[in-house]
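S.K.:
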Amino acid sequence: MKLIVANHKMNLTLPEVLDYKHKIEEINTSKIKLVICPSYPYLVELNSNNYYLGSQNVGILDNGALTGEISAKQLSFLHVSYVIVGHSERRTILKENNSDIQKKIEHVLKTGMHVILCIGENQEEKDKGKTKKVLKENLEILKNISANQLGKVIIAYEPIWAIGTGVIPTNDEIYEITEYIKNLIYDKYDVDIKVLYGGSVSPDNIVELEKIRNIDGYLIGGSSLNPKKMSDIINKVR
Ligand code: PGA
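Here the working numbering is used: the first residue of the sequence shown is 5, the next is one more, and so on.
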């Protein structure tokens with residue numbers, strides 16, 4: 005069953021998100037696993053039987069003095085099942101580093117929630133042929149995680165140059181990178197990890213993306229804000 009993750013980022017107001025919920029609840033989600041990741045304030049309102057709840061981020065501490073942040077434990081009491089960690093916007097704009105991301109993953113896994121770890125190369129790294137090197141370095145973040153806990157980790161391969169640009173890698177490129185990530189994890193931990201593709205997924209390219217045999221789902225930003233586009237995408241996912 006494919007995992008479809010909607011990453012709302014910092015979008016939608018309360019009235020908009022309530023209307024969104026109403027429309028998303030009408031979609032038949034029986035053939036996929038749908039995860040909606042709204043902004044923090046809407047997590048409680050968006051709880052539903054038709055999909056899972058996800059968080060876009062989590063704090064680096066278990067609890068305590070960290071103004072403006074939210075802990076994994078707090079999220080786990082809001083019916084959150086998935087937590088996105090290490091999104092490129094947090095790494096580049098908010099200067100989040102691998103040590104922060106490592107702490108976040110550990111806290112999330114302690115609560116039993118799933119981690120969606122985002123990794124991907126930027127345009128310059130791609131141009132210099134460094135994509136695999138960058139991904140391998142990013143996956144080092146998992147070095148302290150046990151094979152057992154890795155069962156709760158999902159990798160989202162998101163080439164930074166493809167996020168919000170409408171430009172996506174070829175199917176062959178996505179297949180090769182997904183295989184590379186899966187093999188790296190399998191060789192090291194003996195675990196079959198799930199890999200999502202993210203970056204400009206839309207109703208226009210989903211049929212083509214669905215031809216890729218090894219991807220386990222999608223992380224969707226812009227298109228996920230529109231219930232009609234979500235419905236179109238979900239209906240085309242096998
Ligand atoms: P996009 O965003 O679908 O708008 O490219 C994906 C993401 O950043 O997760």
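The beta carbon of each residue, even a glycine, is placed where N, CA and C say it ideally should be.
Could you have a look at Tyr55 and say whether DSSP puts it in helix, strand or coil?
M.R.: If DSSP states are grouped into helix, strand and coil, Tyr55 belongs with coil.
S.K.: Quick check: is any heavy atom of ligand 1 less than 7 Å from the C-beta of Ser204?
M.R.: Because some heavy atom of ligand 1 lies under 7 Å away, the Cβ of Ser204 counts as near it: yes.
S.K.: How big is the Cα-Cα spacing for Gly90 and Asp196?
M.R.: Each residue's alpha carbon lies about 21 Å from the other.
S.K.: Taking the continuous beta strand (DSSP E) assigned at Tyr161, which residues delimit it?
M.R.: 157-161 is the span of the beta strand (DSSP E), which, as asked, contains Tyr161.
S.K.: Under 7 Å: does the beta carbon of Ser43 sit that close to some heavy atom of ligand 1?
M.R.: Not under cutoff, so the answer is no.
S.K.: Give me the residue from Asn54, Lys198, Leu57, Ala76 with the minimum Cα distance to Gly63.
M.R.: Nearest of Asn54, Lys198, Leu57, Ala76 to Gly63, Cα basis: Ala76.
S.K.: Could you tell me the alpha carbon to alpha carbon distance between Glu180 and Ser228, rounded to whole angstroms?
M.R.: The straight-line gap from Cα to Cα measures roughly 26 Å.
S.K.: Hey, quick one: how far does the beta strand (DSSP E) through Asn2 stretch, first residue to last?
M.R.: Because the chain is modelled from 5 through 242, residue 2 falls outside the range shown and cannot be assessed.
S.K.: Rounded to a whole number of angstroms, what is the C-alpha to C-alpha distance between Ser206 and Glu100?
M.R.: Approximately 28 Å between the Cα atoms of the pair.
S.K.: Straight-line CA distance for Ser52 to Val84?
M.R.: Between Ser52 and Val84, the C-alpha separation is close to 11 Å.
S.K.: Just the Cα atoms here: how many angstroms apart are Ala69 and Gln78?
M.R.: Going from the Cα of Ala69 to the Cα of Gln78 covers about 14 Å.
S.K.: Consider the C-beta atom of Leu65 and the heavy atoms of ligand 1; say whether any pair is separated by less than 7 Å.
M.R.: Not under cutoff, so the answer is no.
S.K.: On the CB-based measure, 16 or more other CB atoms within 10 Å of its CB, does Gly202 come out buried or exposed?
M.R.: Burial call: buried.
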